[in-house]
Amino acid sequence: MLQYCRFPLPAPDEAVTCVAPHDDAVAVGSSTGTLRLLDGLEGSTGSGVEIRAHGAAVRGISWDASGHFVASCADDGTCGVHGRRAGASSTDAGEWEAVDAQHHATPLRCVALDPRYASRRERVFITGASSGDVSRQCRGWLGGSKKTSLDDAKSPVAALRWGGAWVAWAADDGVKTMHADSGSPAAHVKPPETEFAGARAPVLFWEGSSLWIGWADVVLRVDMTVEGDASDEFGAHVQCAGAVALSARADVVLCGLAPFDRDHVAVLGFVMDDESDGDEDRKGEGASPRPEVQLLRRDDAAVVGKPEALPVAGFEACGAGDYQLASTYDVACAAGTWRRQDFSLLEDGRARDFSGENATIAGRLMRGSPPALYVVSPRDVVLARVRDVDDQIELCLKRGDDAGFRDALAIANAFPASVRRHRLPDLVKAHLDALLDAGQAEAAAAACPQFLGASATLWEYWIFVFDRRGALARLAPRIPTAEPRLAPSVYDMVLERLLETDPPALLAAVKRWGHPGVSDGEALYSLDALMVRVDARAKRDAGRRRGDGSPRRRAAVAETVAELYVLDGQARRGLDCLLALDPSAVTESSAVFDLVEAQRLYEDVRDRVATLRAFSEERAADLLVKHVDEFPLGDVDDQLAREEDGGAARLWYLRTCFARLPDLYASADHRARHADHARLYARLGPVPDAASAGPRADYDSEMLRFLRWSSFVPLTEAYDACAAQDAPLYDEMVWVLGKTGKTAEALALLLDKIGSVKRAVRFVEAHDRSLWSTLIRHALRDARFLGELLDDAGSSSLDVGALLHQIPEGTRVPGLRDKLANVFQDRRHDAAIHAAARDCAKNDCLLLSRKAVKQRQRGIYCEPPHEIRDGKIVVKPPPRFY
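Note that the sequence shown covers residues 1 to 882 in the UniProt record's numbering.
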C-alpha cells in the first residue's frame, strides 16, 4: 500500500530536528537553526529556500492553512514567522520575508500558527517553552504586539497543536485543551497509566473537533463540544467540554500519530521490548529496533494489515524520543475524502479486472488525495506515500512476465488520466516485445487491436516489427482497414510478404479485405499489381516438379488467383481456377459452392457434378437439392452413371434423392433408377458391423426403408442382388420373401441365418400362422431357442399348452419356471383386456340404442299449408323438416 524513499537531506553535517509538511511543500528544521523550505516530493540540496531563522536548533515548525506563512521556534528562545505573497512559489527564495519575530527568555519547544493567520486581522500564534509556559502572541495591523500567558505547567511543553477552533498542548501533567477564539479552557486529560510513561512525550493532532492523543502505548480520542454560543472575542467565556470517545492500547510506543484516510490513522511505533516479540523483521542488529508504520482502525484502534519496519539510517542508536511523524493530511478536515481500499489496484499481486461489468469499478477507484507521511530521525527523513497508478504499474512491470505486462497495461488503460511517469506506447512496446522474444507471436498479435487502438502510426510501426520478426502472418488477420485506414503502401507490403512467406495467410487476407475499393482517391491496395505477382507465382509453382513445395501452399496461391479474378469481376475464370485444384489440398472447400451460388454460375458446373462432389459431398448435395431445376434429377443421374467409380457417385446421388426429394423421385419416370438404386445399394451399401451381427430383434436398414417405400423395384431382382453378395443381406431377403408370399423360405432364413426368435415370432404372427409348427420343431431342437420362444409366447397366438406337451421328458430349459409364470401372467392380462373391451362394447351399444329410441320419439315440426294475406288464402311452400 505504501512505498518508501529517503528524502534528500539539505546538508549531511546537520541533524534534522523537525519537519512540517504542507501540501506539496515541506519545512525542515536543523540543529544549526536553519529553516529550509523544499519541494515536498522532490526536495534536494540544490533547490528550495534556506532561511537562517535562529541561532540554535529548530524545535518547532507550523504552517497556516493557506501555506503562505510558516512559523518556527528554537532552543535560543526565538520565534519567527515568515511569509510570501499569494501566488508566489513556495520554493522561490526571493518571495519569502520575515513578518514577525519574538524572543523569549527560555528555550521554545513548539509553536502553533493560527490556521487563519493569512486572513485574520489579528496575527496570532502560540508558543510552548521548556519552562512550561504557553503563550499567545497577537500582532495587529499597526505593528503592536500583545503576549498572553495561557498556562504555566512547570514542566516542558512537549507538544502543541492548533486545529480549527481548538488548541491543545501537552506537558507532564497531561493534555490541556482550549477554545482558540475565546481562550476558554475546555478539557484536561490526565496521563494514562502505562509502564512506558517516560518513554516518549505525547503526540497530538486535531481532526475537526476531535483530538487524537498518542501517549506511550495508549491511543485516545477526545471529542470537544461547545455548550451555547461560541464567541470569537478572546477573553470571553465559552462553556466547553471534552469527553474521551476512544481509549485503546497499542503494541508499540507511539512516536507519531497522523490521520491517514477516513477509516484509519497512521502510527509510527517503537518496540520497547524486543524479547517479548518473536518477529525478526521488527528488530535491528543493534540495541534498538527499527521503527515501524502501522495503520489503526478509527473505531477500535485495531491494527490493519502487517506493520512495516523501516530501515531508517542510524536506527540502532535512536530511541523512541528521536522519531517524529508528520503528514500532509489536511488537519482542518474531518474524516478525510479518500479510502485506503480505493487505492489498491492489485489483488494478490494481480491487477483487478476492469473489463466488462467490472468497468464501473475503475470509476470508484483512485479518488481523493492520499497524504504523504514523513518519518523523521536525527539523521534521516523517510518519505512514505500511497502507491499511485504509476507505482502500481511499476510493481507489475518488475515481475517481468507476460502477466505482469498485461496487468500494467490494464491499469494504464483503466486510469489514463492518472498516469504520469509512464507512456502507454512504451508499455505496449515492452509487452509486445516480451511476447515476441518468448516466441508467443500469436498472443502478441491478439493483443494489438486492444493496445494499438486507432493509431495509424502505431499500427504501421508494429506491422514492420512483426515483419522483421517473421510473424507478419499472425498479425495480418488483425490489421484494420478502417479506423484507422493505413497507407496503401502498407497493405501492398503486407500482401507481398504474405505471398512470399505464407500463401494461406495471403488468401485469408484477400478474402477478409475484399475488393480494394476507393477511399479519398486511393484504393486499399493495388489489385492489378497483386494479380500479376500472384499469377506469376502460380505459374512458377505449376512448372515445378510435384514434390517441390507444399501442395497446400501451392493450392493457396491458386485459390488466391481465383479470388482475385472474382474481385476483378471475372467470376467464371475464378471458378475454373478453383475447379482445377486438387480438392484434398484446397484451404476452404466451401469457396467453390459459395462462388457458384453468389454468382449464379449453375450452368458452368451443370456437367461437373462429380467434381463438385469431390470438394464436399454435403455442400454438393445441398446445391443439387436446392436448385433441382438447374440440375434435373435425370441429367445428374445419367452424368454420374458415366463415372468410372463403380457406381459410388451414382449411389450417393440416388440416396440423396430418396432422403431429400422423395416426391420427385417417386415418379414413374424414374422406375428404372429405383431398380438400379436397389442393386447399387446391395453391392455398395454399408455392411452391418460386428456389433450388430447375430440375432437382431429390431433391424431397419436404409435399403429396407427404400424397398418398403418404392413401388417400382422388381422384388425378384432385388432378392438376387442381395443374395449375390459375399455377405448376403439376409434381412432384406427375408422382407422380399415375405412380400412375395414365400413365407416358409423367409422363416428358414430367420431361423438358420439370422437366428432371431423375436423376429421369427412376429413374422409368423404377421404372415402365416400355419408356420407355428415349423417354429416349434426348430425350437425343440435347441434349448436356448426354446427358452427364448417361451419368453415371447405370452404375447403371441402360439398354443403354449401344445408347445409344452411336445417338450421331451428330461429337457433342461434354463429359467423354465419363471418363463412359464410370465406366459401365464401375459395370458391373464390378455383375458382381462378382452373382458374390459367386451364390457366397453356392451356399454356403447346400450348408449347408442337409447339415443336411437329418443330420436325416434321426438316430434316432427310442421306448419299449416295455407295462410291468409290481405284477405286472401295463400298456399305456403312445403314445410322443412329438421
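Backbone N, C-alpha and C define an ideal beta-carbon position, used for all residues, glycine too.
(request) Just mark Glu559 as buried or exposed, buried being the case when its beta carbon has 16 or more other beta carbons within 10 Å. (result) Start at 1 with the first residue of the sequence shown, and residue 559 comes out as number 559. Flag for Glu559 reads buried.
(request) From the DSSP output, in three-state form, read off Phe658 for me. (result) If you number the sequence shown from 1, residue 658 lands on position 658. Note: Phe658 maps to helix in three-state DSSP.
(request) Please report how far the alpha carbon of Pro864 lies from the alpha carbon of Leu846, in whole angstroms. (result) By 1-based counting over the sequence shown, the position of residue 864 is 864. By 1-based counting over the sequence shown, the position of residue 846 is 846. Cα to Cα, the separation comes out at about 38 Å.
(message) I need the straight-line Cα distance from Trp169 to Ile51, nearest angstrom please.
(response) Your numbering for residue 169 matches position 169 in the sequence shown. Your numbering for residue 51 matches position 51 in the sequence shown. Going from the Cα of Trp169 to the Cα of Ile51 covers about 27 Å.
(request) Please specify which runs of the beta strand (DSSP E), each continuous and at least 3 residues long, are wholly inside the stretch 53 to 136, giving them in chain order. (result) 58 to 63, 69 to 74, 78 to 84, 96 to 103, 108 to 113, 123 to 129
(message) Our contact map puts Phe125 next to Val134 with C-beta atoms below 8 Å; I'd like the distance itself, whole angstroms only.
(response) By 1-based counting over the sequence shown, the position of residue 125 is 125. By 1-based counting over the sequence shown, the position of residue 134 is 134. Not quite, the Cβ-Cβ distance comes to about 12 Å (not below 8 Å), so this is no contact.
(request) Go ahead and label His829 buried or exposed: buried means 16 or more other beta carbons lie within 10 angstroms of its beta carbon, across all protein chains shown. (result) Within the sequence shown, numbered from 1, the residue matching residue 829 stands at position 829. Since pLDDT at His829 reaches only 49, below the 50 mark, its modelled position is unreliable, and no value is offered.
(message) Below 8 Å, how does it come out for the stretch 161 to 175 and the stretch 201 to 212: are there three or more Cβ pairs, yes or no?
(response) yes
(request) Pull up the distance between the alpha-carbon of Arg136 and that of Gly198, whole angstroms please. (result) Translated into positions along the sequence shown, residue 136 becomes position 136. Translated into positions along the sequence shown, residue 198 becomes position 198. Computed Cα separation, rounded: 28 Å.
(request) Can you tell me which of the three DSSP states Pro864 falls into? (result) Position 864 of the sequence shown holds residue 864. Residue state, collapsed to three classes: coil.
(message) Along the chain, where does the beta strand (DSSP E) containing Arg161 start, and where does it finish?
(response) Taking the first residue of the sequence shown as 1, we reach residue 161 at position 161. Here the beta strand (DSSP E) through Arg161 covers 159 to 163.
(message) By the three-class DSSP mapping on this structure, what secondary structure does Trp338 have?
(response) On the sequence shown, position 338 is the one that residue 338 refers to. The answer is coil: DSSP assigns Trp338 none of H, G, I, E or B.
(request) Tell me where the beta strand (DSSP E) around Asp380 begins and ends. (result) Counting from one through the sequence shown, the residue named residue 380 turns up at place 380. Residues 380 to 386.
(request) Give the C-beta separation of His677 and Leu654 to the nearest angstrom, bearing in mind that I take them to be a contact with Cβ-Cβ under 8 Å. (result) By 1-based counting over the sequence shown, the position of residue 677 is 677. By 1-based counting over the sequence shown, the position of residue 654 is 654. That pair is a contact at about 5 Å.
(message) Could you compute how far the alpha carbon of Ala334 sits from the alpha carbon of Pro8?
(response) In the sequence shown, the residue the question calls residue 334 occupies position 334. In the sequence shown, the residue the question calls residue 8 occupies position 8. Unreliable placement is indicated for Ala334, whose pLDDT of 43 sits below 50; the coordinate value is still reported in the next sentence. Each residue's alpha carbon lies about 31 Å from the other.
(request) Could you pull the start and end residues of the alpha helix (DSSP H) that Glu617 belongs to? (result) Counting from one through the sequence shown, the residue named residue 617 turns up at place 617. Residues 617 to 626.
(message) Please report the straight-line C-alpha distance between Leu707 and Arg683, rounded to a whole angstrom.
(response) The residue given as residue 707 occupies position 707 in the sequence shown. The residue given as residue 683 occupies position 683 in the sequence shown. Looking at the two C-alpha atoms, the distance is approximately 15 Å.
(message) Whole angstroms are fine: how far does the CA of Met178 sit from the CA of Asp299?
(response) On the sequence shown, residue 299 is found 299 positions in, with the first residue counted as 1. On the sequence shown, residue 178 is found 178 positions in, with the first residue counted as 1. Going from the Cα of Asp299 to the Cα of Met178 covers about 25 Å.
(request) Answer yes or no: do Met733 and Tyr719 have a C-beta to C-beta separation smaller than 8 Å? (result) For the purposes of this step, residue 733 is taken as residue 733 along the sequence shown, with counting starting at 1. For the purposes of this step, residue 719 is taken as residue 719 along the sequence shown, with counting starting at 1. Against a cut-off of 8 Å, the Cβ pair of Tyr719 and Met733 comes out as a contact.
(request) Would you mind reading off the limits of the alpha helix (DSSP H) that contains Lys511? (result) Walking along the sequence shown from the start, residue 511 turns up at place 511. 503 to 513 is the span of the alpha helix (DSSP H), which, as asked, contains Lys511.
(request) Would you identify the three-state DSSP class for His431, choosing helix, strand or coil? (result) Along the sequence shown, read from residue 1 onward, the residue named residue 431 stands at position 431. Looking at His431 - three-state DSSP - the assignment turns out to be helix.
(message) Only counting the same chain, and skipping five residues up and downstream in sequence, which positions put a Cβ closer than 7 Å to that of Gly738?
(response) Position 738 of the sequence shown holds residue 738. Correct list, in chain order: Ala746, Phe763, His767.
(request) May I ask you to list the residues that DSSP assigns as paired with Thr225? (result) Mapped onto the sequence shown, residue 225 falls at position 225. Its beta-bridge partners are Ala241.
(message) Strictly by DSSP, which residues pair up with His778?
(response) Within the sequence shown, the letter at position 778 stands for residue 778. Its beta-bridge partners do not exist; DSSP assigns none.
(request) Report yes if the C-beta distance between Val222 and Gly242 is below 8 Å; otherwise report no. (result) Residue mapping note: residue 222 aligns to position 222 of the sequence shown, counting from 1. Residue mapping note: residue 242 aligns to position 242 of the sequence shown, counting from 1. Going by C-beta atoms, Val222 is nearer than 8 Å to Gly242.
(request) Apply the 10 Å Cβ neighbour rule to Gly634 and answer buried if 16 or more other Cβ atoms are within range, or exposed otherwise. (result) If you number the sequence shown from 1, residue 634 lands on position 634. Looking at its Cβ environment, which holds fewer than 16 other Cβ atoms inside 10 Å, Gly634 is exposed.
(message) Can you give me the C-alpha to C-alpha distance between Gly29 and Pro307, rounded to a whole angstrom?
(response) On the sequence shown, residue 29 is found 29 positions in, with the first residue counted as 1. On the sequence shown, residue 307 is found 307 positions in, with the first residue counted as 1. Rounded to the nearest angstrom, the two C-alpha atoms are 28 Å apart.
(message) So if DSSP puts Leu346 in a beta bridge, which residue, or which two residues, is it bridged to?
(response) The residue given as residue 346 occupies position 346 in the sequence shown. Beta-bridge pairing links Leu346 to Ala351.
(request) Look at the alpha carbon of Leu108 and the alpha carbon of Trp162, and state the distance between them as a whole number of angstroms. (result) Here residue 108 corresponds to residue number 108 of the sequence shown, with the count starting at 1. Here residue 162 corresponds to residue number 162 of the sequence shown, with the count starting at 1. Leu108 and Trp162: Cα-Cα distance of roughly 16 Å.
(message) Could you give the first and the last residue of the continuous beta strand (DSSP E) run that contains Gly29?
(response) Numbered from 1 along the sequence shown, position 29 holds the residue referred to as residue 29. Note, Gly29: beta strand (DSSP E), 25 to 30.
(message) Is the separation between the beta-carbon of Leu537 and that of Leu499 shorter than 8 Å?
(response) Locating residue 537 in the sequence shown gives position 537, counting from the first residue. Locating residue 499 in the sequence shown gives position 499, counting from the first residue. Per the sequence shown, residue 537 should be read as Arg rather than Leu. Yes, these two residues count as a Cβ contact at 8 Å.
(message) Leu595 and Ala555 - do their beta-carbons sit closer together than 8 Å?
(response) In the sequence shown, counting from the first residue as 1, residue 555 sits at position 555. In the sequence shown, counting from the first residue as 1, residue 595 sits at position 595. No.
(request) With distances taken Cα to Cα, identify the nearest neighbour of Gly80 among His22, Ser590, Arg116, Arg139. (result) Walking along the sequence shown from the start, residue 80 turns up at place 80. Closest by alpha carbon: Arg139.
(message) Between Ala302, Met493, Tyr565, Arg497, which has its C-alpha nearest His264's C-alpha?
(response) Walking along the sequence shown from the start, residue 264 turns up at place 264. Residue Ala302 is the option with its Cα nearest to His264.
(message) At the level of alpha carbons, what is the spacing between Val586 and Gly574?
(response) Within the sequence shown, residue 586 is the residue found at index 586, counting from 1. Within the sequence shown, residue 574 is the residue found at index 574, counting from 1. Answer to the nearest angstrom: the Cα atoms are 14 Å apart.
(message) Would Trp462 pass as an interface residue toward chain D - the criterion being a Cβ-Cβ separation below 8 Å?
(response) No chain D appears in this structure, which consists of one protein chain only.
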